[in-house]
Amino acid sequence: MFPAFYVNISMTFAVAALTAFSLTPLVKALAGKVGAIDVPKDGRRMHDHPIPRLGGLAIFCGFMFSALLFVDITSQLRATLLGACLIVVLGIVDDIVALPAKPKFAIQIAAALIPVYAGVRVEVLTNFNIFSDKPYIVLGAWGIPLTLLWIVGMTNAVNFIDGLDGLAVGVSSIGTFALMTISILVSDGNVALLAAALAGACIGFIPYNLNPAKIFMGDTGAMFLGYMLATMSIQGLFKFYAIISFTVPFLIFGLPIFDTAFAIVRRIATGQPPMKADRGHLHHRLIDMGFSQKQAVAIMYVVSAILGLAAVLLTSSGAMKALMLVGSAMLVSIVAAHTVDERRKNGTLHSVTTKQDAEHKPEEEAPACEKEDEDSHD
15 MFPAFYVNIS MTFAVAALTA FSLTPLVKAL AGKVGAIDVP KDGRRMHDHP
65 IPRLGGLAIF CGFMFSALLF VDITSQLRAT LLGACLIVVL GIVDDIVALP
115 AKPKFAIQIA AALIPVYAGV RVEVLTNFNI FSDKPYIVLG AWGIPLTLLW
165 IVGMTNAVNF IDGLDGLAVG VSSIGTFALM TISILVSDGN VALLAAALAG
215 ACIGFIPYNL NPAKIFMGDT GAMFLGYMLA TMSIQGLFKF YAIISFTVPF
265 LIFGLPIFDT AFAIVRRIAT GQPPMKADRG HLHHRLIDMG FSQKQAVAIM
315 YVVSAILGLA AVLLTSSGAM KALMLVGSAM LVSIVAAHTV DERRKNGTLH
365 SVTTKQDAEH KPEEEAPACE KEDEDSHD
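The numbers in the sequence shown follow our numbering, run straight up by one, and end at 392.
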């Protein structure tokens, strides 16, 4: 018989999943009534018919219902959930009327300040200076701006990868499962339960969001997931006085972090505004290589899962096994990419994008700081 804690984990996950799954059709109908519809009206939109957004509201409701039932609501968690409510309200309004970037960014900072004021902060980082006898860096007052950067950055980073059906919610689910596993390993029960609620809500929504998507999660979902992943990692992973205090969060969320950083560097290098949306993200490159939308999403899932597993191994088995896993995965990826590139150059790799993909796949969601005058979409 499982210990009571694992029963609670399972129930937390199941309640969140069932709630999100049950509410999504209702949210879809609500989106139609309030005008939260993504209507393709420019060349950047890759779907050819209106699709409801606002699906993140179902994820939020599933998560909140389960968390309030099973999770011990501390003062810090109460502040975190209050900030999440502000993020979701912002997302709902933006999914309906498409807010300008600057006020959205300001509200994101305000939402992040709520948990920071309650003490949810990055306070200690691993010291990678091998010549120093101090294993850790105590951030002090610098922890506040660093925490704000982490929360707001992650809030928008999930939007950067939200460009294909099921991509962002799936990658977020995988990262949340990794966070939940690590929290269980280090006996951080409250964060584990919180992660179970978020993972369950994502899993409950994902059947409606996989290609061909019936509903997009919109800014409501993308910003909420990014915010919660960031704040949960601070309450859990960043609190460890070990090397994992820095490395593990960057492994778990490596895909959105790398894609965001690469996008900004690429745009600056080409003379473009760093927050101007483009089609150079990793998932766009996979599509351009000839993969279908479903195949591109599957590849991104695998990469995210490998990084998440490496984070778990780093926590439980040490750095060597984690490095071996990541190194082996990188080698296989390089060989596979080279093979695909050679086949493409030789004309033996043909586009495998199906008609269904072409009709239903959405263009990327431009994050709050990346949007200018364009409407949001999933």
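Here a beta-carbon is modelled for each residue, glycine too, at the ideal position from N, C-alpha and C.
Around the beta carbon of serine 36, fewer than 16 other beta carbons sit within 10 angstroms, so the residue counts as exposed. A direct Cα-to-Cα measurement between isoleucine 23 and tyrosine 150 gives close to 32 Å. Beta-bridge partners assigned by DSSP to valine 138: Val152. Assignment of aspartate 52 by DSSP, reduced to helix, strand and coil, places it in the strand class.
For the pair phenylalanine 264 and isoleucine 165, the Cα-to-Cα distance works out to about 13 Å.
The C-alpha of histidine 295 is placed about 14 Å away from the C-alpha of isoleucine 282. Look at proline 39 here: in three-state DSSP terms it is helix.
Contact annotation: the stretch 74-85 touches the stretch 196-209, with at least three C-beta pairs closer than 8 Å. The beta carbon of leucine 32 is closer than 7 Å to those of Gly218 in its chain, skipping five residues each way along the sequence. Note that the stretch 43-50 touches the stretch 100-111; at least 3 beta-carbon pairs, one per stretch, sit closer than 8 Å.
At a Cβ-Cβ threshold of 8 Å, glycine 322 and alanine 215 do not count as neighbours. Contact fails between the stretch 151-170 and the stretch 196-203, because fewer than three Cβ pairs, one in each stretch, are under 8 Å apart. Rounded to whole angstroms, the separation of the alpha carbons of cysteine 99 and proline 64 is 27 Å.
Spanning the alpha carbons of lysine 228 and aspartate 147 requires a straight line of approximately 56 Å. When only Cα atoms are considered, alanine 93 and alanine 310 end up about 37 Å apart. In the same chain as alanine 213, and ignoring 5 residues on each side of it, the C-beta atoms closer than 8 Å to its own belong to Phe27, Ala30, Ser187, Thr190, Phe191 and Met194, in chain order.
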